[in-house]
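Quick note on our numbering: the sequence shown kicks off at 21 and runs consecutively. Built from N, CA and C at the ideal position, the CB exists for glycine as well. All values derive from a computational prediction rather than experimental measurement. Inspection log for the structure reproduced underneath, given as structure tokens.
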Amino acid sequence: MHAKAANDGPFGFLTEQVVIKIGLLRSRFQAALVVGLHAALLAFGEFIFTQSNWLLVALYGQNLYDTRYFR
């Protein structure tokens with residue numbers, strides 16, 4: 021059995037604190053990222069639903085697939 025080093029207590033405590041702080045920062049960053057992503061998707065979905073008539077309705081006598089880009 022190996023003898024225990026005299027100074028491994030402070031080092032072990034410091035590494036535990038660093039790991040805990042990194043874990044907390046990571047979880048908070050993930051939460052902020054998810055909230056930001058959901059807000060962006062909500063705004064995009066709101067735009068699609070409010071502009072759906074303008075985006076999907078063809079002009080009089082024009083088919084949906086009949087545009088100036090596909091001749």
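Query, Result
"Pull up the distance between the alpha-carbon of Q71 and that of G65, whole angstroms please.", "10 Å"
"What's the C-alpha gap between A63 and L53?", "15 Å"
"Where does Q71 sit, in a helix, a strand or coil, going by DSSP?", "coil"
"Given this structure, state the Cα-to-Cα distance separating V38 from S47, to the nearest angstrom.", "14 Å"
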